[in-house]
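Throughout, my numbering is defined as the position within the sequence shown, counted from one, plus 2. Glycine is no exception: its CB is placed at the ideal position from the N, C-alpha and C atoms. Remember, it's a predicted structure, so these values are computed and weren't measured experimentally.
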Amino acid sequence: MKISGFQTFTLSDFPGMTAAIIFTQGCNFRCPFCHNGSLLNTNVDHNNLLSEQNVFEELESRKHILDGLVISGGEPTIQTDLLMFIRNVRDIGYKIKLDTNGNRPEIIKKLISENVLDYIAMDIKAPLEKYSCLSGVKVETNNILKSIEIISSAEVKSEFRTTCVPELLTETDIETIRSMIPSKTKYTVQKFIPEKAWNWPIAEIKETL
Ligand code: SF4
Numbered sequence: 003m004k005i006s007g008f009q010t011f012t013l014s015d016f017p018g019m020t021a022a023i024i025f026t027q028g029c030n031f032r033c034p035f036c037h038n039g040s041l042l043n044t045n046v047d048h049n050n051l052l053s054e055q056n057v058f059e060e061l062e063s064r065k066h067i068l069d070g071l072v073i074s075g076g077e078p079t080i081q082t083d084l085l086m087f088i089r090n091v092r093d094i095g096y097k098i099k100l101d102t103n104g105n106r107p108e109i110i111k112k113l114i115s116e117n118v119l120d121y122i123a124m125d126i127k128a129p130l131e132k133y134s135c136l137s138g139v140k141v142e143t144n145n146i147l148k149s150i151e152i153i154s155s156a157e158v159k160s161e162f163r164t165t166c167v168p169e170l171l172t173e174t175d176i177e178t179i180r181s182m183i184p185s186k187t188k189y190t191v192q193k194f195i196p197e198k199a200w201n202w203p204i205a206e207i208k209e210t211l
């Protein structure tokens, strides 16, 4: 696993749990409003990554005060050894929350079928016709729809989230996104913080909408 960040305690990122968070390195999207710009590049020097062994040692030493681990990014589902990593963390006794952009439904399906997830949070960037623009890459939107279907029909707690960039998403867009998700499923609209965005050429993005 390419791990670039480790937060040892959070009360707000894994509902109902005390948790730690790891931030995996690399993402298959380039959302212009991303708050984790340093985590996007997949090809980073290994010296700049955290040692997996150190992360496990830290998790082992904190298991008496933590219930779970949030695996965030970057995009965790592009990590080739994600399933093995999760199994090893579960063996210590942790529950697992996965944060994902939903672009790799086959990985999400595999993890669910292996029964290794306790919570899934998927970001939905935009209505389908705006997806490639707001994720910064060409997106096969069928993947997004498949992930929504897989997650919302699974026996795993879940939520969907959208970062609302007021200049790029209208109220109608948010309603459209909401209509893509089963009505009983939890949906949260998150506030965009422009100061934290890695790349924010708003005029250029607006032109392409
Ligand atoms: S906000 Fe977009 S670019 Fe940033 S980590 Fe999430 S999916 Fe990747």
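- Contact between T102 and M86 is absent: CB atoms are separated by about 17 Å, not below the 8 Å threshold.
- Bounds of the beta strand (DSSP E) holding I5 are I5 to T12.
- Within the same chain, and ignoring the five residues on either side of T164 in sequence, the residues whose Cβ sits closer than 6 Å to its Cβ are I126, I179 and V191.
- For G70, the beta-bridge partners assigned by DSSP are A21 and K97.
- Sequence-distant Cβ neighbours of I150 in its own chain, meaning closer than 8 Å and more than five residues away, are G104, M124, I126, F162, M182 and I183.
- When only Cα atoms are considered, F8 and R64 end up about 13 Å apart.
- According to the DSSP assignment, T178 belongs to no beta strand (DSSP E) but to the alpha helix (DSSP H) extending over E173 to S181.
- As the crow flies, the alpha-carbon of T174 is around 46 Å from that of H66.
- In the three-state DSSP reduction, I122 falls in the strand class (E or B).
- Comparing alpha carbon positions, the residue from Y189, C166 and S185 closest to C36 is C166.
- If you look at S160, you'll find it in the beta strand (DSSP E) that goes K159 to C166.
- In this structure, DSSP gives Q192 an extended state, which the three-state scheme calls strand.
- Going by beta carbons, Q81 and M3 fall inside the 8 Å limit.
- Where C135 is concerned, the enclosing alpha helix (DSSP H) starts and stops at Y133 to S137.
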